[in-house]
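With the first letter of the sequence shown counted as 1, position 122 gets the number 110 in the working numbering; the numbers rise by one all the way through.
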Amino acid sequence: MTALDPMASVSLHAIVLRRRDLGETDRIVTLLSQESGKLDAVAKGARKPGSKSSGASELFTLSHIQLAEGRRLGIVTQWLVLDAFTRIRAELGLLARASYLCELTDKLVDDGEPCGEVYDLLRGALSLLEIGHGHPDTVVHAYELRLLEERGYAPALGCCVRCGKEWKGSPAAFSPMAGGLLCRACRGGVEATVMVRPATIQTMHTLKSGELTELGAMEWKPGVAAEVEACLNGCVRVRCERDIRSARFLEMVRGTEV
Ligand SMILES: [Zn+2]
-11 MTALDPMASV SLHAIVLRRR DLGETDRIVT LLSQESGKLD AVAKGARKPG SKSSGASELF
49 TLSHIQLAEG RRLGIVTQWL VLDAFTRIRA ELGLLARASY LCELTDKLVD DGEPCGEVYD
109 LLRGALSLLE IGHGHPDTVV HAYELRLLEE RGYAPALGCC VRCGKEWKGS PAAFSPMAGG
169 LLCRACRGGV EATVMVRPAT IQTMHTLKSG ELTELGAMEW KPGVAAEVEA CLNGCVRVRC
229 ERDIRSARFL EMVRGTEV
């Protein structure tokens, strides 16, 4: 975050990505803001029951905030909650997915770098989960692919990542470590590849490039969901140096869903 002038205050639109306790009654929140990227700030009194900042500093709440300079971190002096995503909070499956999107974003975005596009993506994905737009994993996988692309880590889906040979619609090998599809000639000796059917590659194309608001109508062909999940889990693991705790939780929740 850029240093604030003494007594200066800035106005930001921000989503809470992470929070942890500070002292007796406060919290430190990691925010993804539209204007200044990712930053940490102090939410004073956030652990006092009934305080204004208590609800506003909950995970993935979207607020319009005033941020004043503090000694080490900025201090949120005002919260205007724009969306508390109450439906997501009420459903375990949605809560697990929204928590995962936030943790993934936190892991892949560095403090202070401009990332208005990532903010828009995350806000859009949370809104789609909230209104129940299609299968929630459609939103999750579209977000994973778009976030990876935004960060410069998009897997190669149109050609072999090694030799550049164009993919012509046949079953192929996908290697998260190599960064995408591998043709028959290049896949030898590459570990941890996922064999994927053409429909899986086509689905990942659509998830990456289709209009986000139109993905709700997307149909998942049998077997495709598991392959997309395996490919993208692999890509995310390669790019995140640390373990994603909420991914394990989401895995558990998915296991209980029919
Ligand atoms: Zn090749």
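Here a beta-carbon is modelled for each residue, glycine too, at the ideal position from N, C-alpha and C.
The alpha carbon of T244 has as its nearest neighbour, out of L80, T181, T93 and I232, the alpha carbon of L80. Taking a C-beta distance under 7 Å as the contact criterion, L117 and P124 qualify as a contact pair. As the crow flies, the alpha-carbon of L114 is around 7 Å from that of A86. Counting along the chain, R15 sits inside the beta strand (DSSP E) bounded by residues D14 to S21.
Only residues of its own chain outside the window of five on either side were considered, and among them L195, L203, G204, M206 and W208 have a CB closer than 8 Å to the CB of T126, listed in chain order. With a cutoff of 7 Å on beta-carbon distance, L27 and L50 are scored as not near each other.
With contact defined as three or more Cβ pairs closer than 8 Å, the stretch 52 to 59 and the stretch 212 to 220 are not in contact. Per the coordinates, the alpha-carbon of E46 lies some 40 Å from the alpha-carbon of M183. Counting along the chain, T65 sits inside the beta strand (DSSP E) bounded by residues G62 to D71. Here G168 is not near A187, since their CB atoms are 7 Å or more apart.
Straight across, the Cα-Cα distance linking R139 with V246 is about 33 Å.
By the neighbour-count criterion, in which a residue is buried when 16 or more other Cβ atoms sit within 10 angstroms of its Cβ, I76 is buried. Only buried fits L20, as 16 or more other CB atoms lie within 10 angstroms of its CB. The beta carbon of I232 sits closer than 6 Å to the beta carbons of E91 from its chain, once the five residues preceding and following it are set aside; these are given in chain order.
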